[in-house]
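In the numbering used here, the protein residues as written are 8 to 249. Quick reminder that beta carbons are idealized off the backbone N, C-alpha and C, glycines included. Remember, predicted model here, so these are calculated numbers, not experimental data.
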Amino acid sequence: MPLYRDEAIVLRTHKLGEADRIITMLTRTRGRVRAVAKGVRRTKSRFGSRLEPGMVVDVQCYEGRNLDTVTQVETLAPYGDAISRDYAAYTSATAMLETALQLTEEHEPQTQQYHLLAGALRSLAEQAHDPGLVLDAYLLRSLAVAGWAPSFRDCARCGADGPHRAFNVQSGGAVCSTCRPPGSSAPAPETFELLAALLTGDWDVADASDVRHRRQGSGLVAAFLQWHIERGVRSLRLVERP
(Lines of atoms letter the chains of each structure in order from A and count residues from 1; the text may use other names and numbers.)
(Lines give C-alpha, C1' and ligand atoms only; values in the text may rest on other atoms or scores of the structure.)
Protein backbone atom coordinates (compact mmCIF):
# COMPACT_ATOMS: atom_id res chain seq x y z
CA MET A 1 0.00 0.00 0.00
CA PRO A 2 1.35 3.50 -0.84
CA LEU A 3 2.64 5.51 2.10
CA TYR A 4 2.33 9.29 2.16
CA ARG A 5 3.06 12.18 4.52
CA ASP A 6 1.37 15.58 4.61
CA GLU A 7 0.41 18.51 6.79
CA ALA A 8 -3.20 18.37 7.92
CA ILE A 9 -5.87 20.07 10.00
CA VAL A 10 -8.20 17.75 11.90
CA LEU A 11 -11.79 18.65 10.99
CA ARG A 12 -13.82 15.94 12.70
CA THR A 13 -13.54 12.60 14.49
CA HIS A 14 -15.86 9.60 14.84
CA LYS A 15 -15.64 6.62 17.14
CA LEU A 16 -14.92 3.28 15.48
CA GLY A 17 -15.13 0.04 17.40
CA GLU A 18 -13.89 -0.03 20.97
CA ALA A 19 -10.67 1.94 20.71
CA ASP A 20 -10.31 3.42 17.20
CA ARG A 21 -11.43 6.65 15.57
CA ILE A 22 -12.09 7.80 12.02
CA ILE A 23 -10.26 11.09 11.54
CA THR A 24 -11.41 13.52 8.85
CA MET A 25 -8.56 15.87 7.89
CA LEU A 26 -7.97 18.66 5.43
CA THR A 27 -4.47 18.10 4.10
CA ARG A 28 -2.26 20.68 2.46
CA THR A 29 -1.68 18.80 -0.82
CA ARG A 30 -4.19 15.93 -0.99
CA GLY A 31 -7.43 17.65 -0.04
CA ARG A 32 -9.87 16.12 2.44
CA VAL A 33 -8.87 12.68 3.70
CA ARG A 34 -10.50 10.15 6.03
CA ALA A 35 -8.24 7.80 7.93
CA VAL A 36 -8.48 5.30 10.76
CA ALA A 37 -6.40 6.02 13.84
CA LYS A 38 -6.10 2.70 15.63
CA GLY A 39 -6.12 2.57 19.41
CA VAL A 40 -6.29 6.35 19.90
CA ARG A 41 -9.07 6.09 22.47
CA ARG A 42 -6.89 4.02 24.79
CA THR A 43 -5.22 5.91 27.62
CA LYS A 44 -1.79 4.70 26.50
CA SER A 45 -2.21 5.88 22.90
CA ARG A 46 0.91 7.52 21.50
CA PHE A 47 -0.92 10.21 19.56
CA GLY A 48 -4.59 10.30 20.59
CA SER A 49 -4.46 13.90 21.86
CA ARG A 50 -2.79 15.06 18.64
CA LEU A 51 -5.77 14.03 16.54
CA GLU A 52 -8.41 16.31 18.03
CA PRO A 53 -10.42 18.86 15.96
CA GLY A 54 -8.50 22.06 15.33
CA MET A 55 -5.04 20.51 15.63
CA VAL A 56 -2.51 21.14 12.86
CA VAL A 57 -0.33 18.07 12.44
CA ASP A 58 2.25 16.36 10.29
CA VAL A 59 0.63 13.01 9.55
CA GLN A 60 1.84 9.82 7.90
CA CYS A 61 -0.72 7.39 6.46
CA TYR A 62 -1.07 4.26 4.42
CA GLU A 63 -3.54 4.50 1.55
CA GLY A 64 -6.46 2.12 1.82
CA ARG A 65 -9.33 1.14 -0.46
CA ASN A 66 -11.97 3.06 1.50
CA LEU A 67 -10.14 4.53 4.48
CA ASP A 68 -6.47 5.33 4.97
CA THR A 69 -4.63 4.35 8.15
CA VAL A 70 -2.71 6.77 10.37
CA THR A 71 0.73 5.45 11.29
CA GLN A 72 2.49 8.51 12.69
CA VAL A 73 1.51 12.00 13.88
CA GLU A 74 3.56 15.00 14.97
CA THR A 75 2.04 18.23 16.27
CA LEU A 76 2.80 21.32 14.20
CA ALA A 77 0.48 23.80 15.94
CA PRO A 78 -1.55 22.92 19.04
CA TYR A 79 -4.27 25.47 18.32
CA GLY A 80 -6.96 23.21 19.75
CA ASP A 81 -5.73 23.61 23.33
CA ALA A 82 -5.53 27.42 23.22
CA ILE A 83 -8.87 27.80 21.42
CA SER A 84 -10.76 25.46 23.74
CA ARG A 85 -10.00 27.73 26.70
CA ASP A 86 -12.22 30.51 25.30
CA TYR A 87 -15.88 29.77 24.52
CA ALA A 88 -16.25 32.40 21.78
CA ALA A 89 -13.08 31.19 20.07
CA TYR A 90 -14.10 27.55 20.47
CA THR A 91 -17.54 27.99 18.90
CA SER A 92 -16.07 30.09 16.09
CA ALA A 93 -13.45 27.41 15.39
CA THR A 94 -16.13 24.71 15.39
CA ALA A 95 -18.10 26.63 12.76
CA MET A 96 -14.95 27.04 10.66
CA LEU A 97 -14.15 23.33 10.77
CA GLU A 98 -17.70 22.43 9.78
CA THR A 99 -17.62 24.94 6.92
CA ALA A 100 -14.31 23.56 5.66
CA LEU A 101 -15.87 20.12 5.70
CA GLN A 102 -18.73 21.39 3.53
CA LEU A 103 -16.59 23.31 1.06
CA THR A 104 -13.99 20.64 0.28
CA GLU A 105 -14.07 17.30 -1.51
CA GLU A 106 -12.23 14.10 -0.70
CA HIS A 107 -8.89 13.65 -2.48
CA GLU A 108 -9.18 16.96 -4.36
CA PRO A 109 -6.29 19.33 -3.53
CA GLN A 110 -7.53 22.47 -1.78
CA THR A 111 -4.30 24.26 -0.85
CA GLN A 112 -5.90 27.71 -0.56
CA GLN A 113 -8.63 26.39 1.71
CA TYR A 114 -6.00 24.67 3.86
CA HIS A 115 -3.90 27.81 4.34
CA LEU A 116 -7.00 29.93 4.92
CA LEU A 117 -8.24 27.65 7.68
CA ALA A 118 -4.81 27.32 9.28
CA GLY A 119 -4.44 31.11 9.36
CA ALA A 120 -7.90 31.59 10.88
CA LEU A 121 -7.22 29.03 13.61
CA ARG A 122 -3.89 30.68 14.39
CA SER A 123 -5.63 34.06 14.70
CA LEU A 124 -8.15 32.59 17.14
CA ALA A 125 -5.46 30.89 19.21
CA GLU A 126 -3.37 34.06 19.40
CA GLN A 127 -6.44 36.23 20.16
CA ALA A 128 -5.34 38.59 17.41
CA HIS A 129 -8.88 39.83 16.73
CA ASP A 130 -12.42 39.38 17.99
CA PRO A 131 -13.41 35.73 17.36
CA GLY A 132 -16.62 36.74 15.58
CA LEU A 133 -14.67 38.89 13.14
CA VAL A 134 -12.17 36.11 12.49
CA LEU A 135 -15.04 33.72 11.81
CA ASP A 136 -16.81 36.05 9.39
CA ALA A 137 -13.56 36.84 7.60
CA TYR A 138 -12.87 33.14 7.21
CA LEU A 139 -16.38 32.41 5.92
CA LEU A 140 -16.24 35.20 3.34
CA ARG A 141 -12.78 34.25 2.09
CA SER A 142 -13.49 30.54 1.97
CA LEU A 143 -16.59 31.25 -0.10
CA ALA A 144 -14.53 33.46 -2.41
CA VAL A 145 -11.96 30.66 -2.86
CA ALA A 146 -14.83 28.28 -3.65
CA GLY A 147 -16.04 30.64 -6.40
CA TRP A 148 -18.77 32.55 -4.55
CA ALA A 149 -17.11 35.88 -3.81
CA PRO A 150 -19.75 38.38 -2.63
CA SER A 151 -19.82 42.00 -3.77
CA PHE A 152 -20.08 44.72 -1.14
CA ARG A 153 -19.74 47.77 -3.38
CA ASP A 154 -20.58 47.37 -7.08
CA CYS A 155 -23.85 45.79 -8.17
CA ALA A 156 -23.53 42.00 -8.20
CA ARG A 157 -26.01 41.77 -11.10
CA CYS A 158 -25.13 44.52 -13.58
CA GLY A 159 -21.78 45.74 -12.26
CA ALA A 160 -22.93 49.34 -11.75
CA ASP A 161 -20.48 51.34 -9.67
CA GLY A 162 -21.34 51.51 -5.99
CA PRO A 163 -21.67 51.85 -3.15
CA HIS A 164 -25.28 50.66 -3.14
CA ARG A 165 -27.71 50.40 -0.24
CA ALA A 166 -29.36 47.02 -0.89
CA PHE A 167 -28.03 43.49 -0.32
CA ASN A 168 -29.48 40.34 -1.85
CA VAL A 169 -28.10 36.92 -0.99
CA GLN A 170 -29.39 35.17 -4.11
CA SER A 171 -27.96 37.86 -6.39
CA GLY A 172 -24.48 37.70 -4.90
CA GLY A 173 -24.30 40.74 -2.64
CA ALA A 174 -24.85 44.45 -3.14
CA VAL A 175 -27.44 45.40 -5.77
CA CYS A 176 -28.34 48.72 -7.34
CA SER A 177 -31.84 50.23 -7.21
CA THR A 178 -32.58 48.96 -10.74
CA CYS A 179 -31.56 45.36 -10.07
CA ARG A 180 -32.84 45.16 -6.50
CA PRO A 181 -35.13 42.11 -6.17
CA PRO A 182 -38.04 42.03 -3.73
CA GLY A 183 -37.00 40.95 -0.26
CA SER A 184 -33.55 42.53 -0.40
CA SER A 185 -32.18 43.91 2.85
CA ALA A 186 -30.79 47.41 3.40
CA PRO A 187 -27.73 47.17 5.68
CA ALA A 188 -26.06 50.26 7.09
CA PRO A 189 -23.24 51.65 4.94
CA GLU A 190 -20.85 50.86 7.82
CA THR A 191 -21.88 47.20 7.62
CA PHE A 192 -20.94 47.10 3.94
CA GLU A 193 -17.59 48.69 4.82
CA LEU A 194 -16.99 46.12 7.56
CA LEU A 195 -17.77 43.15 5.32
CA ALA A 196 -15.58 44.50 2.54
CA ALA A 197 -12.75 44.93 5.05
CA LEU A 198 -13.13 41.36 6.30
CA LEU A 199 -13.07 40.02 2.75
CA THR A 200 -9.90 41.93 1.84
CA GLY A 201 -8.12 41.63 5.20
CA ASP A 202 -8.27 45.30 6.23
CA TRP A 203 -8.13 44.64 9.97
CA ASP A 204 -7.74 48.30 10.94
CA VAL A 205 -11.25 48.96 9.65
CA ALA A 206 -12.65 45.68 10.98
CA ASP A 207 -11.24 46.07 14.50
CA ALA A 208 -12.61 49.63 14.74
CA SER A 209 -16.15 48.62 13.72
CA ASP A 210 -19.18 49.05 15.95
CA VAL A 211 -20.87 46.08 17.64
CA ARG A 212 -24.23 46.67 15.92
CA HIS A 213 -22.60 46.61 12.50
CA ARG A 214 -20.73 43.41 13.39
CA ARG A 215 -24.01 41.79 14.42
CA GLN A 216 -25.75 42.89 11.22
CA GLY A 217 -22.82 41.76 9.11
CA SER A 218 -22.72 38.35 10.79
CA GLY A 219 -26.34 37.74 9.86
CA LEU A 220 -25.65 38.57 6.21
CA VAL A 221 -22.56 36.34 6.13
CA ALA A 222 -24.45 33.40 7.64
CA ALA A 223 -27.31 33.81 5.16
CA PHE A 224 -24.89 34.10 2.22
CA LEU A 225 -22.96 31.01 3.31
CA GLN A 226 -25.98 28.79 3.83
CA TRP A 227 -27.61 29.88 0.56
CA HIS A 228 -24.57 28.94 -1.49
CA ILE A 229 -23.67 25.66 0.17
CA GLU A 230 -27.37 24.74 0.14
CA ARG A 231 -27.37 23.41 3.68
CA GLY A 232 -27.17 24.70 7.22
CA VAL A 233 -24.01 25.01 9.28
CA ARG A 234 -25.28 23.81 12.64
CA SER A 235 -22.33 25.17 14.59
CA LEU A 236 -23.23 28.76 13.70
CA ARG A 237 -26.16 28.56 16.11
CA LEU A 238 -23.71 28.10 18.99
CA VAL A 239 -21.40 30.99 18.11
CA GLU A 240 -21.26 33.62 20.81
CA ARG A 241 -21.97 37.07 19.40
CA PRO A 242 -21.70 40.41 21.24
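Can you tell which of the options has the C-alpha that lies nearest to the C-alpha of residue i?
i, options, result
"leucine 206", "Val218, Arg219, Gly180, Asp217", "Gly180"
"glutamine 117", "Trp210, Arg35, Arg221, Leu201", "Arg35"
"arginine 39", "His220, Lys51, Tyr121", "Tyr121"
"alanine 229", "Leu147, Arg37, Glu197", "Leu147"
"proline 194", "Asp168, Gly208, Arg221", "Arg221"
"leucine 48", "Cys68, Thr185, His21, Asp137", "One point to set straight first is that residue 48 is arginine, not leucine, in the sequence displayed. Closest by alpha carbon: His21."
With DSSP as the reference, label residue i as helix, strand or coil.
i, result
"histidine 235", "helix"
"valine 80", "strand"
"valine 152", "helix"
"glutamate 197", "helix"
"arginine 222", "helix"
"glutamate 25", "coil"
"serine 216", "coil"
"methionine 32", "strand"
Please report the straight-line C-alpha distance between residue i and residue j, rounded to a whole angstrom.
i, j, result
"alanine 66", "alanine 100", "Just to set this straight, residue 66 is valine in the shown sequence, not alanine. C-alpha separation (whole angstroms): 21 Å."
"leucine 23", "isoleucine 29", "6 Å"
"histidine 114", "phenylalanine 231", "26 Å"
"isoleucine 16", "valine 182", "37 Å"
"arginine 250", "tryptophan 155", "Within the shown structure, residues of the chain are numbered from 8 to 249, placing residue 250 beyond reach of any answer."
"histidine 171", "alanine 204", "16 Å"
"leucine 5", "alanine 144", "Residue numbering for the chain in the displayed model covers 8 to 249; residue 5 lies beyond these limits and cannot be assessed."
"glycine 166", "valine 176", "16 Å"
"glutamate 81", "tyrosine 11", "14 Å"
What distance in whole Å lies between the Cβ atoms of residue j and residue i, which are believed to be in contact at a cut-off of 8 Å?
i, j, result
"aspartate 75", "alanine 42", "4 Å"
"proline 60", "arginine 19", "6 Å"
"serine 130", "valine 141", "5 Å"
"arginine 160", "alanine 173", "The Cβ separation is near 12 Å, so there is no contact."
Checklist entry - Taking three-plus beta-carbon pairs below 8 Å as touching, is the region 214-222 in contact with the region 88-105? => result no
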